[in-house]
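Below: one structure, written as structure tokens.
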Amino acid sequence: MNKKSNVITNIVVILFIVLGAIGFTLVISEYSDVVDNDIASRNYLQQSSIKMHELETDLCIAIDLGRNADTADNTEAIEDYVEKINYSLDECKELMKKYEDIPKNSDEDKQYHLVKTAMNQYSEIVSNEILAQVNAGHFETANSIYFDRFINKRNGLDSSLNELLTVTDDSIDKRYDKAVFNAKILRVFFTGFGVIVLILLNILEARRKKIAKNLETAVDTNEKTQESLNNAMFKDNVTSSSNRFSFVLEYGEEPVVIPEGEAMYFMMFDIKDFSGINIRYGSDAGDRLLVSTVDRISDVFEDGTVYRTGSDEFIAVVKADDSQDSFTKIAGLIERAYRSLTSDHEINNRRIAVDYAISLVRKASPDTVDMTIHGQLKQTLTEGKSSASGNWRYKEN
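Numbering (this note's numbering), first residue to last: 32 to 428.
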């Protein structure tokens, strides 16, 4: 009888162990799917979004190089940006192909097809329309396509991609909740099986913590990615000042109205013979000179914003009240900036003397400001009124 009871007991114990092992395997499998598939798919989507924003930045720069400078001088640079754009397109397609190969639920698959369609339309506009115009030298047409059609397609793609990220996050949450639920059942199931149960539960808990940590890391990475995107789009990668794209967004979309009683001072600083400096001292020294230039301008105009709007061209913008005292103060700051900028720059253990052309355009209420301010500053460099010192030229509205 005891022998029969022992056999039955052993069979029951073995059955429970087998069932527990099956349940354990299912939970581990569910956790593995979250880590290996869902988080991987999320990363592919985030990387694709980053590449699209890098592509757009390069696209803006290529168009601006063609529109606002001597195209012949920038042909090589434009070709480099076109090559980078094509490379980014290929990488986006490759990332989406990797995402396509990952198992998905019906909601993810449905949203993915919307993203895929939007991506194809996005790629067609970039490759067959904008880049075709850039390669043909029709930069104004490329710019019109960019503002008239590309931005809408880009926004549509961003919306679809964000929705897919949301669906993917929901899938991760559901699978994670399911895994947690199964883990709780497993804990109850193994309560009576002593050390073996405890060991299995500890392994499961360690796995759970690892996934929670991975999810937390993914959130942190996403926040850092957003910050990197902002820097890539709006900051110059050499000087860390605001870039031309930032200047275009500020003053190119619609006129900026100057409030009553206020004035805006726009100052352009152009490095004379910058190409010669690059040839004589090397491009590394040239880059360090650009950084030194921004630092010195920023030190003088502490309350202003400095933009790098060209390879050797910077614009500082300062807001003040509409008074003669403010004009006199700005004039004094420009003299101070000129003395600072024309003092030798200590670069790579060399003292490099540099000269600058400086122009000032003052805008006061009820005037407005748009992208024509850039052309006015360029024109004032040669045609504006000369300051008393002769170190800079100016124009008042």
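From the three backbone atoms N, C-alpha and C, an ideal C-beta is built for every residue, glycine too. Treat the numbers as computed from the prediction; the structure is a model and nothing was measured.
- Taking the C-beta atoms as reference points, residue 392 is found no nearer than 8 Å to residue 302.
- In this structure residue 114 is exposed. Its beta-carbon is surrounded by fewer than 16 other beta-carbon atoms within 10 angstroms.
- Contact annotation: the stretch 313 to 324 does not touch the stretch 274 to 286, with fewer than three C-beta pairs closer than 8 Å.
- Burial state of residue 248 is exposed, judged by a 10 Å Cβ sphere holding fewer than 16 other Cβ atoms.
- Residue state for residue 135 is assigned as coil, using DSSP reduced to three classes.
- Within the same chain, 273, 278, 346 come within 6 Å of residue 338 by CB-CB distance, once the 5 residues on both sides are set aside.
- Secondary structure note for residue 358: its alpha helix (DSSP H) is the uninterrupted segment 355 to 373.
- Residue range 314 to 331 is occupied by the alpha helix (DSSP H) that includes residue 322.
- By a beta-carbon distance limit of 8 Å, residue 174 contacts residue 94. Their separation comes to about 5 Å.
- With contacts defined as CB atoms closer than 8 Å, residue 153 and residue 76 fail to qualify as a contacting pair.
- Bounds of any alpha helix (DSSP H) do not take in residue 382; it lies within the beta strand (DSSP E) bounded by 381 to 383.
- The beta-bridge partner set that DSSP reports for residue 191 is empty.
- A contact between stretches requires three or more CB pairs, one per stretch, nearer than 8 Å, and the stretch 192 to 202 meets this requirement with the stretch 139 to 148.
- In its chain, beyond the 5 residues on either side, 156, 161 have a beta carbon closer than 7 Å to the beta carbon of residue 181.
- Less than 8 Å divides the Cβ of residue 396 from the Cβ of residue 290.
- In the assembly as shown, residue 212 is an exposed residue. Its beta-carbon has fewer than 16 other beta-carbons within 10 Å.
- Three or more pairs of CB atoms, one per stretch, sit closer than 8 Å, so the stretch 367 to 383 contacts the stretch 327 to 343.
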